[in-house]
Amino acid sequence: EFVGYDKLEVNTKVVLLTDLVKIKDSVKSAEAYIILEQCPFYAESGGQVSDKGFVNDMEVLAVQKIANGQFLIKLKITKEIKVGDAVVAKVDEKHRSLVTANHSATHLLHLALHELIGTHAKQAGSLQDEFKTRFDFTNLSPMDDEKIHEVESFVNKLINLNDEVLIKEMPI
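Below is the structure:
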């Protein structure tokens with residue numbers, strides 16, 4: 198169960214351990230993949246990188262959403278972990294905040310492109326991490342420096358409004 202919109206730290210339990218070759222009862226070192234009963238970590242999705250953080254002081258390297266909506270957590274194992282162990286899963290709040298801001302900027306950029314160059318500008322990929330947002334889009338012609346500056350100014354004005362951001366889970 199994903200609980201990361203409401204909680205950045207949870208006491209939970211390990212329900213699966215694997216090295217992606219076979220399911221394990223325990224792992225003592227190296228990298229492994231785990232599934233938790235409750236997961237506060239946002240999985241990589243739609244160009245947005247996954248959360249970082251820790252499970253019992255072991256570093257979360259990546260999170261993928263897999264079949265049945267489970268969250269597969271790639272973990273750097275530094276001490277033994279077993280199926281059934283009670284663990285504390287904690288999201289790196291600073292990382293989450295930076296990625297979330299860049300994700301919001303992607304939506305603002307998409308709006309700016311529609312407003313300033315037209316609705317024909319369609320998203321064709323993106324990447325949001327803690328350092329940047331990258332937004333790939335189709336257009337009828339290259340944008341000149343003046344149009345790039347106009348779009349940038351539009352987005353910055355929206356950011357400076359400091360409007361409330363609402364998270365709403367919606368069907369695709």
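Count along the sequence shown from 1, add 197, and you get the number used in our numbering. For glycine and all other residues, C-beta sits at the position ideal for the given N, C-alpha and C. A quick note: this is a predicted structure, and the numbers were derived from the prediction, not measured.
Original post:
Taking Cβ positions, are Val284 and Val252 nearer each other than 9 Å?
Top reply: For the purposes of this step, residue 284 is identified with residue 87 of the sequence shown, where counting begins at 1. For the purposes of this step, residue 252 is identified with residue 55 of the sequence shown, where counting begins at 1. Against a cut-off of 9 Å, the Cβ pair of Val252 and Val284 comes out as a contact.
Original post:
Looking only at its own chain, which residues have a Cβ that is under 7 Å from the Cβ of Lys262, when we skip the five neighbours before and after it?
Top reply: By one-based count along the sequence shown, residue 262 stands at place 65. Excluding sequence neighbours, Lys262 sits near Ala240, Ser242, Phe268.
Subject >> Val296 versus Lys354 - alpha carbon distance >> reply: Within the sequence shown, the letter at position 99 stands for residue 296. Within the sequence shown, the letter at position 157 stands for residue 354. So the alpha carbons of these two residues sit roughly 20 Å apart.
Subject >> Chain-order list of residues whose beta-carbon lies under 6 Å from that of Phe332 (same chain, five-residue window excluded) >> reply: Position 135 of the sequence shown, counted from the start, is the residue given in the question as residue 332. Once the five neighbours on either side are set aside, the close Cβ partners of Phe332 are Thr303, Leu306, Ser323.
**OP:** State buried or exposed for Asp248, treating a residue as buried only when at least 16 other CB atoms are found within 10 Å of its CB.
**Re:** Your numbering for residue 248 matches position 51 in the sequence shown. By the 10 Å Cβ count, Asp248 comes out buried.
**OP:** My understanding is that Leu213 touches Ala229, with C-beta atoms under 8 Å, so please give their C-beta distance in whole angstroms.
**Re:** Counted from its first residue, the sequence shown places residue 213 at position 16. Counted from its first residue, the sequence shown places residue 229 at position 32. The Cβ separation is near 10 Å, so there is no contact.
**OP:** Please name the residue in Gly266, Lys225, Asn359, Lys291 whose C-alpha comes closest to that of Phe328.
**Re:** As a working mapping, residue 328 is identified with position 131 in the sequence shown. It is Lys291.
Original post:
Can you give the Cα-Cα distance for Lys225 and Leu337, rounded to whole angstroms?
Top reply: Looking up residue 225 in the sequence shown gives position 28. Looking up residue 337 in the sequence shown gives position 140. About 55 Å.
Original post:
What distance in whole Å lies between the Cβ atoms of Val207 and Gln235, which are believed to be in contact at a cut-off of 8 Å?
Top reply: Here residue 235 corresponds to residue number 38 of the sequence shown, with the count starting at 1. Here residue 207 corresponds to residue number 10 of the sequence shown, with the count starting at 1. Right, the Cβ-Cβ distance comes to about 5 Å (below 8 Å), so this counts as a contact.
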